[in-house]
Every structure is written in structure tokens, then in C-alpha cells.
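This report concerns only the one structure given below.
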Amino acid sequence: MQVLLRRSEFRQDIGCSVCGQGFRLYWEQNSPSERATMRSIVLGELQEHHSRGQGGDQTSSAHPFDLFRLPSWTGSPKFSRKTLLAGSSRPPSDISKVVMISRRPKEPSQR
Ligand SMILES: [Zn+2]
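All residue numbers for the sequence shown refer to the numbering used here, where the first residue is 55 and numbers rise by one.
Below is the structure:
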């Protein structure tokens, strides 16, 4: 199960604990317990956007500007991610899209 997120200034269902950016959540399921679980997962993924591996951007620009889907993978995030990179048989397009957007440098530093 996944949720869709979109930056929002009006209705903020969840906020990044690093940069404070608010997001609206679009749920595919309605179970309160599932929502609670997803909230914690999504919060972790939002923090992950700020990690060094994603560029280390501590501002809200670390997050995709368009609608995006979380979690990018199911199961244990770190483990699955490593498995994906190692195997790399066919990374789902959703993942590469999110990672690419997050990694895009704000301004290219040419020196
Ligand atoms: Zn953030």
C-alpha cells in the first residue's frame, strides 16, 4: 500500500520533521490503524529525502515538487533499497523518479 503526497500550503496532513514542509496525503485505504502506520513510514521517508545519500539538502527543496508516491518500496526501507540497487533487474519507475527529483542539485556549482 502506498500514499500519494503533494506539497500543500492549505491543507497539511503531514509535515516533514526536518524542513517543516507540509504535505497533503491521498490515502488509498481507510483503516485508521493502517493510516497510523503509513504516517510513520511517510515521515521516515520524508526525512530520508534530506539524508546525505539524497544530496543532504536540508531545505524543503529536497522533496519532489510534483505529486509523488510513498513509500517508494514496500517492506524494510533500507534493506529493500539495497536489494534494489544490488539486483537492479528492473527498478520501478516510481523510485527512480522520486530519487532523481530529490537528487537534482538546486544550483550547479561550477568551479
Ligand atoms: Zn523536509
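Glycine is no exception: its CB is placed at the ideal position from the N, C-alpha and C atoms.
With a cutoff of 7 Å on beta-carbon distance, Arg123 and Gln66 are scored as not near each other. Judged by DSSP secondary structure, Arg61 falls within the beta strand (DSSP E) whose first and last residues are 57-61.
The three-state reading of DSSP puts Gly109 in coil, since its state is none of H, G, I, E or B.
Exposed is the label assigned to Gln112, since fewer than 16 other Cβ atoms lie within 10 Å of its Cβ. By the 16-neighbour rule on beta-carbons within 10 angstroms, Ser126 is buried. For Gln66, the CB stays at least 6 Å from every heavy atom of ligand 1. Residue range 86-102 is occupied by the alpha helix (DSSP H) that includes Gly98.
Taking 6 Å as the cut-off, the C-beta of Val72 counts as close to a heavy atom of ligand 1.
Looking at Tyr80, Ala90, Arg61, the one whose alpha-carbon comes closest to that of Cys73 is Arg61.
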